[in-house]
Amino acid sequence: MTVTIENTYTGDGSTTDYPFTFPYLDESDIKITLDLSETTAYSLLNATTIRFDSAPGNTVAIRIYRSTA
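Using my numbering, the letters of the sequence shown map in sequence onto residues 493 to 561.
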């Protein structure tokens with residue numbers, strides 16, 4: 493069985509909410525990068541959606557992924 497452990501998007505300068513489709517055990521397992529730089533400027537809107545504090549800019553590469561110990 494294949495399990496998705498990441499979702500990728502491209503910022504548009506106005507969208508702040510992005511869904512993800514992978515399972516996780518702890519919120520600290522969720523990691524996000526913007527143009528390959530890790531960020532913590534977000535919160536969980538619900539169990540499967542993150543909300544950025546401010547919208548990632550146009551063409552910014554967004555990666556939402558799971559990282560477990």
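We put the CB at the ideal spot given by N, CA and C, even for glycine.
Taking a contact as a CB-CB distance under 8 Å, the pair Gly505 and Ala539 does not count as one, their CB atoms being some 26 Å apart. Per DSSP, reduced to three states, the secondary structure at Ser546 is coil, with no helix or strand assignment.
Contact annotation: Arg558 and Ile522 have beta-carbon atoms nearer than 8 Å. If you ignore the 5 residues before and after Leu537, its C-beta comes within less than 8 Å of the C-beta of Asp509, Arg543, all in its own chain and listed in chain order. For Pro511 against Thr531, the beta-carbon gap comes to about 17 Å, at or over 8 Å, which does not count as contact. Rounded to the nearest whole angstrom, the CA to CA distance from Asn550 to Thr500 is 14 Å.
For the 8 Å CB-CB criterion, Ala553 and Thr502 form a contact.
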